[in-house]
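K.L.:
2 protein chains.
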Amino acid sequence: MGPDHERNPRGSLDDVAIEVVGVVVAVTDDRPRVLTVGGAAPRLPTGALHLSGDVTLERALRRMVLEQTGLELGYVEQLYTLGDRDRGTDLAVRLISVAYLALVREREPQGDSQWRDLYEFLPWEDFRGGRPAPLDRSVIPALRDWVERSDGDAADVRRERAGIVFGRDGSPWDIERSLERYELLYEMGWVPEAGARQDPPQRGAAMALDHRRIVAQALGRVRGKLRYRPVVFELLSDEFTLTGLQRVVEALSGTRLHSQNFRRLIDRGGLVEGTGRHDTGTGGRPAELHRFRREVVRERPAPGVGLPGMPTSG
Amino acid sequence: MGPDHERNPRGSLDDVAIEVVGVVVAVTDDRPRVLTVGGAAPRLPTGALHLSGDVTLERALRRMVLEQTGLELGYVEQLYTLGDRDRGTDLAVRLISVAYLALVREREPQGDSQWRDLYEFLPWEDFRGGRPAPLDRSVIPALRDWVERSDGDAADVRRERAGIVFGRDGSPWDIERSLERYELLYEMGWVPEAGARQDPPQRGAAMALDHRRIVAQALGRVRGKLRYRPVVFELLSDEFTLTGLQRVVEALSGTRLHSQNFRRLIDRGGLVEGTGRHDTGTGGRPAELHRFRREVVRERPAPGVGLPGMPTSG
DNA sequence: CTCCCTTATGCTCACTCTGAGCATAACACC
DNA sequence: GGTGTTATGCTCAGAGTGAGCATAAGGGAG
Chain A
1 MGPDHERNPR
11 GSLDDVAIEV
21 VGVVVAVTDD
31 RPRVLTVGGA
41 APRLPTGALH
51 LSGDVTLERA
61 LRRMVLEQTG
71 LELGYVEQLY
81 TLGDRDRGTD
91 LAVRLISVAY
101 LALVREREPQ
111 GDSQWRDLYE
121 FLPWEDFRGG
131 RPAPLDRSVI
141 PALRDWVERS
151 DGDAADVRRE
161 RAGIVFGRDG
171 SPWDIERSLE
181 RYELLYEMGW
191 VPEAGARQDP
201 PQRGAAMALD
211 HRRIVAQALG
221 RVRGKLRYRP
231 VVFELLSDEF
241 TLTGLQRVVE
251 ALSGTRLHSQ
261 NFRRLIDRGG
271 LVEGTGRHDT
281 GTGGRPAELH
291 RFRREVVRER
301 PAPGVGLPGM
311 PTSG
Chain B
1 MGPDHERNPR
11 GSLDDVAIEV
21 VGVVVAVTDD
31 RPRVLTVGGA
41 APRLPTGALH
51 LSGDVTLERA
61 LRRMVLEQTG
71 LELGYVEQLY
81 TLGDRDRGTD
91 LAVRLISVAY
101 LALVREREPQ
111 GDSQWRDLYE
121 FLPWEDFRGG
131 RPAPLDRSVI
141 PALRDWVERS
151 DGDAADVRRE
161 RAGIVFGRDG
171 SPWDIERSLE
181 RYELLYEMGW
191 VPEAGARQDP
201 PQRGAAMALD
211 HRRIVAQALG
221 RVRGKLRYRP
231 VVFELLSDEF
241 TLTGLQRVVE
251 ALSGTRLHSQ
261 NFRRLIDRGG
271 LVEGTGRHDT
281 GTGGRPAELH
291 RFRREVVRER
301 PAPGVGLPGM
311 PTSG
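Going line by line, the protein sequences match chains A and B. Its first residue numbered 1, the first sequence is counted upward by one per residue in my numbering. Its first residue numbered 1, the second sequence is counted upward by one per residue in my numbering.
(1) Roughly how many whole angstroms lie between the Cα atoms of Gly281 of chain B and Leu289 of chain B?
(2) Helix, strand or coil for Gln78 of chain A? Go by DSSP, reduced to three states.
(3) When the Cα atoms are used, what is the spatial distance from Val165 of chain B to Asn261 of chain A?
(4) Between the C-alpha atoms of Ile266 of chain B and Gly170 of chain A, what's the straight-line distance to the nearest angstrom?
(5) Is the shortest distance between the beta-carbon of Asp29 of chain B and the beta-carbons of chain A less than 9 Å?
(6) Under 9 Å, Cβ to Cβ, is there at least one residue of chain B near Ala26 of chain A?
(7) Can you tell me the Cβ-Cβ gap for Leu101 of chain B and Arg177 of chain B, rounded? I've got them flagged as a contact below 8 Å.
(8) Answer yes or no: does any C-beta atom of chain A fall closer than 9 Å to that of Ser178 of chain B?
(9) With Pro45 of chain B and Ser97 of chain B assumed to form a contact (beta carbons below 8 Å), what rounded beta-carbon distance in angstroms separates them?
(10) Nearest-angstrom Cα distance between Arg161 of chain A and Ala251 of chain B?
(11) To test your reading of the DSSP string, which unbroken beta strand (DSSP E) runs of 3 or more residues are found completely within the region 211-280 of chain A?
(12) Our contact map puts Arg298 of chain A next to Gly163 of chain B with C-beta atoms below 8 Å; I'd like the distance itself, whole angstroms only.
(13) Within 10 angstroms of its Cβ, does Leu118 of chain B collect 16 or more other Cβ (buried), or is it exposed?
(14) Checking 9 Å against the spacing of the C-beta atoms, do Leu61 of chain B and Val34 of chain B come in under that value?
(15) State yes or no: is the beta carbon of Val297 of chain A nearer than 9 Å to at least one beta carbon in chain B?
(16) Given a cut-off of 9 Å on the beta-carbon distance, is the pair Val231 of chain A and Leu103 of chain A in contact?
(17) Give a yes or no on whether the minimum CB-CB distance between Val55 of chain B and chain A is below 9 Å.
(18) Going along the chain, which residues of its own chain have a beta-carbon closer than 6 Å to the beta-carbon of Ala302 of chain A, five neighbours each way excluded?
(19) Looking at the structure shown, is Phe166 of chain B part of a helix, part of a strand, or coil, going by DSSP?
(20) List the DSSP bridge partners of Arg291 of chain B.
(21) Tell me whether His258 of chain A is buried or exposed, calling it buried when 16 or more other Cβ atoms sit within 10 Å of its Cβ.
(22) For a quick check, are the C-beta atoms of Arg212 of chain B and Leu122 of chain B less than 9 Å apart?
(23) How big is the Cα-Cα spacing for Gly304 of chain B and Gly88 of chain B?
(24) Compute the Euclidean distance between the alpha carbons of Val24 of chain A and Ala194 of chain A, then round it to the nearest angstrom.
(25) What's the gap between the Cα of Met188 of chain A and the Cα of Ser253 of chain A?
(26) Tell me the DSSP bridge mates of Leu103 of chain A?
(27) In chain B, which residues lie less than 9 Å from Ser171 of chain A when you measure between Cβ atoms?
(28) Is Gly274 of chain B close to chain A? Criterion is C-beta to C-beta, closer than 9 Å.
(29) Under a three-way DSSP split, which group does Pro32 of chain A fall into?
(30) Strictly under 9 Å for the Cβ-Cβ distance: is Tyr80 of chain B near chain A by that measure?
(31) Within 10 angstroms of the Cβ of Glu6 of chain B, are there 16 or more other Cβ atoms? Answer buried if so, exposed if not.
(32) Given that Asp126 of chain A touches chain B, what residues does it touch there, using C-beta distances under 8 Å?
(33) Chain B beta carbons: is any one of them nearer than 9 Å to that of Asp84 of chain A?
(34) What in chain A is Cβ-close to Gly163 of chain B, meaning under 7 Å?
(35) Could you check whether the Cβ of Arg158 of chain A sits closer than 9 Å to any Cβ belonging to chain B?
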């Protein structure tokens, strides 16, 4: 702080850049989507903070996403700030990236940006169709290998960590630990971003820089938030069926839910109210359309859509 | 907010400074403490990021706190990044502050730093002795006044917000909303930092810049974290009595807990194990000493110390 | 027009978790 | 030995949860 702020204490770096990064999430057709820019190694929408023009960091993010993709963001929350020394493309500049999570209803983006299925990048996180194949076929063997690459106490530490994070050795799979999982895979050198020699589809699509790490963190944050704040409704249109709501929660949590219990939770919790109108396009009995009851925010301390625990994996 | 030239003679900002800020929390004698620097308007330990020397932001924080206070930090997590344009003392420089939360066992700090009771700064957050006096005597009347300063729809919006955040009109008091409460008080112009003309003790001790806001956010974060991660143990010595543990949770949550239910929760949750030894300095029956069971992290998905809901206030 | 398939929705049951309170245990001090 | 104090054990009612059976209400096939 102060007029001469610390500069160049050791001689090499003397410049710093601030950027904002957005993980913009939507859910359509029961699939969680993340907004990406560019094709080969997709990146998250990213842009420099305008030191004079952007009054706040959050507004910088909104401006940047609007400029790059044409989307106006609704719900936005700060996620994390990355500032490791050796990030970024220009190593002569210390790059500080302030990452945000945004939830929107899907709309067609402009320019070079597109929606991509979030689980393309983190395929081991999606348990909706049972245990994801990449997990058992690729991740677990790699973990075992990684554990065995060390010995003695080090091996125990690794085994324990792998167990906690990936739900092995009696630990349950914790859907909120998506960041810890990605970071472990990164440290193992298993993901292409960490220099893995191979890049098979089981390892998920790579992203530019550390953007996949940011997506993993965003996923964990959303999953946690679902439990105690009514954030799903940011992703839905004003009227929706309970099954539609359930599908969105399932898409984000990466799990299947018991529909009867889910609906009990939702309406006993006073989260929604029926409109009396129905959606007949269900393929079966028509589903009543509901809307979010905003009043719930002032009635209950932590109104979430409740996720059950996950059965401990084998 | 006026045009740029009113704030900056050069017309545009072209410099930026990155600093790290630490909310270092400990609990002693049943009181939550926060580490502060300086006397009159205390501030949080703060220091510039060394662009070359600090490999990561977190390490920058540890170095800075060590340099300024002599304390080595244990548990550290990133809290929030502040970057509004008009923060800081030098308006010609855009100041970006990356704030961290750290939990430590209390030790005597060095230099100009000292521990201060956290509730000195946020007295309305402490319900352990019943509803805090400043809340009913000072905050609530100010809220009412603020609501009545507007009319029509605006008044309804204000009333609703005040109700949700401060637990009125049927809303329960949510201990985790400490940041929202502080921000509302700030917007109302009620806290000295926002230019309130008076500075009576009911408004809590002021801090430099927006540091009190950061403390409020840290408090909310700790309170939330208690529920689902075993963070309290970072604040306790290796062995402790269950009552001691309870006092720490109470200090942070600002509530009183039912001791029998608390201990049931703790040991049914497998969070601790008895050592067989006892503390005889209780003034009554000796209390068994316990230690944290680290294994719990791999047994349960979200091992916290569980807080009950708070009775809705009048 | 029925039957059948599909999805939505209602309801029950066993079990766990929680809030609250009563009761007992084990020490210090007198 | 009595008394005050804190620690700890236990019970009970009620709310919340996981699982599964049963019914309702459409569309489409025969």
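Glycine included, each C-beta is placed from N, C-alpha and C at the ideal position.
P.N.:
So, from the listed chains and residues:
(1) For the purposes of this step, residue 281 of chain B is taken as residue 281 along the second sequence, with counting starting at 1. For the purposes of this step, residue 289 of chain B is taken as residue 289 along the second sequence, with counting starting at 1. Straight-line Cα distance between these residues: approximately 12 Å.
(2) On the first sequence, position 78 is the one that residue 78 of chain A refers to. Correct three-state label for Gln78 of chain A: strand.
(3) Sequence index remark: in the second sequence, residue 165 of chain B carries index 165 (1-based). Sequence index remark: in the first sequence, residue 261 of chain A carries index 261 (1-based). Put simply, the backbone Cα of Val165 of chain B is about 30 Å away from that of Asn261 of chain A.
(4) For the purposes of this step, residue 266 of chain B is taken as residue 266 along the second sequence, with counting starting at 1. For the purposes of this step, residue 170 of chain A is taken as residue 170 along the first sequence, with counting starting at 1. Cα-Cα distance, rounded: 20 Å.
(5) Residue mapping note: residue 29 of chain B aligns to position 29 of the second sequence, counting from 1. No, Asp29 of chain B lies away from the interface with chain A (no Cβ there is under 9 Å from its Cβ).
(6) By 1-based counting over the first sequence, the position of residue 26 of chain A is 26. Not closer than 9 Å to any Cβ of chain B, the Cβ of Ala26 of chain A fails to qualify, so no.
(7) Here the question's residue 101 of chain B lines up with position 101 in the second sequence. Here the question's residue 177 of chain B lines up with position 177 in the second sequence. With a contact defined as Cβ atoms closer than 8 Å, Leu101 of chain B and Arg177 of chain B miss out at about 17 Å.
(8) Residue mapping note: residue 178 of chain B aligns to position 178 of the second sequence, counting from 1. For Ser178 of chain B, the answer is no, since every Cβ of chain A falls outside 9 Å of its Cβ.
(9) The residue labelled residue 45 of chain B in the question sits at position 45 within the second sequence. The residue labelled residue 97 of chain B in the question sits at position 97 within the second sequence. 12 Å between Cβ atoms; not a contact.
(10) Counting from 1 along the first sequence, the entry for residue 161 of chain A is found at position 161. Counting from 1 along the second sequence, the entry for residue 251 of chain B is found at position 251. Computed Cα separation, rounded: 31 Å.
(11) Runs of the beta strand (DSSP E) inside the region 211-280 of chain A: 272-279.
(12) Counting from one through the first sequence, the residue named residue 298 of chain A turns up at place 298. Counting from one through the second sequence, the residue named residue 163 of chain B turns up at place 163. Right, the Cβ-Cβ distance comes to about 6 Å (below 8 Å), so this counts as a contact.
(13) Reading the second sequence from its first residue, position 118 is the one you call residue 118 of chain B. Label assigned to Leu118 of chain B: buried.
(14) Locating residue 61 of chain B in the second sequence gives position 61, where the first residue counts as 1. Locating residue 34 of chain B in the second sequence gives position 34, where the first residue counts as 1. Contact: no.
(15) In the first sequence, counting from the first residue as 1, residue 297 of chain A sits at position 297. It does; some Cβ of chain B falls within 9 Å.
(16) Along the first sequence, one-based indexing puts residue 231 of chain A at 231. Along the first sequence, one-based indexing puts residue 103 of chain A at 103. Yes, these two residues count as a Cβ contact at 9 Å.
(17) Here the question's residue 55 of chain B lines up with position 55 in the second sequence. Taking Cβ atoms only, chain A reaches closer than 9 Å to Val55 of chain B, which makes this a yes.
(18) Position 302 of the first sequence, counted from the start, is the residue given in the question as residue 302 of chain A. In its chain, beyond the 5 residues on either side, Tyr228 have a beta carbon closer than 6 Å to the beta carbon of Ala302 of chain A.
(19) Counting from one through the second sequence, the residue named residue 166 of chain B turns up at place 166. Helix.
(20) Within the second sequence, the letter at position 291 stands for residue 291 of chain B. Answer is B:Glu273, bridged to Arg291 of chain B.
(21) Here residue 258 of chain A refers to the residue found at position 258 when the first sequence is read from its first residue. Looking at its Cβ environment, which holds fewer than 16 other Cβ atoms inside 10 Å, His258 of chain A is exposed.
(22) Taking the second sequence and counting its residues from 1, the one referred to as residue 212 of chain B is at position 212. Taking the second sequence and counting its residues from 1, the one referred to as residue 122 of chain B is at position 122. Yes, Cβ-Cβ distance for Arg212 of chain B and Leu122 of chain B is below 9 Å.
(23) Within the second sequence, the letter at position 304 stands for residue 304 of chain B. Within the second sequence, the letter at position 88 stands for residue 88 of chain B. Rounded to whole angstroms, Gly304 of chain B to Gly88 of chain B spans 37 Å at the Cα level.
(24) Within the first sequence, residue 24 of chain A is the residue found at index 24, counting from 1. Within the first sequence, residue 194 of chain A is the residue found at index 194, counting from 1. Rounded to the nearest angstrom, the two C-alpha atoms are 24 Å apart.
(25) Residue 188 of chain A sits at position 188 when you count from the first residue of the first sequence. Residue 253 of chain A sits at position 253 when you count from the first residue of the first sequence. Approximately 25 Å between the Cα atoms of the pair.
(26) Counting from one through the first sequence, the residue named residue 103 of chain A turns up at place 103. Note: Leu103 of chain A sits in a beta bridge opposite A:Val25 and A:Tyr75.
(27) Within the first sequence, numbered from 1, the residue matching residue 171 of chain A stands at position 171. Here the neighbours are Val297, Arg298, Glu299, Arg300 and Pro301.
(28) The count along the second sequence starts at 1 and reaches residue 274 of chain B at position 274. Judged by the 9 Å Cβ criterion, Gly274 of chain B is not in contact with chain A.
(29) Your numbering for residue 32 of chain A matches position 32 in the first sequence. Three-state DSSP puts Pro32 of chain A in a strand.
(30) Here residue 80 of chain B is taken as the residue at index 80 of the second sequence, counted from 1. For Tyr80 of chain B, the answer is yes, since a Cβ of chain A falls inside 9 Å of its Cβ.
(31) Taking the first residue of the second sequence as position 1, residue 6 of chain B is located at position 6. Residue placement at Glu6 of chain B cannot be trusted, given a pLDDT of 39 that sits under 50; what the coordinates show is reported in the next sentence. Burial call: exposed.
(32) Within the first sequence, residue 126 of chain A is the residue found at index 126, counting from 1. For a Cβ distance threshold of 8 Å, nothing in chain B lies close to Asp126 of chain A: the least Cβ distance comes to about 18 Å.
(33) Taking the first sequence and counting its residues from 1, the one referred to as residue 84 of chain A is at position 84. Taking Cβ atoms only, chain B reaches closer than 9 Å to Asp84 of chain A, which makes this a yes.
(34) Reading the second sequence from its first residue, position 163 is the one you call residue 163 of chain B. Correct list: Arg298.
(35) The residue you call residue 158 of chain A lines up with position 158 of the first sequence. Answer no: the Cβ-Cβ gap between Arg158 of chain A and chain B never drops below 9 Å.
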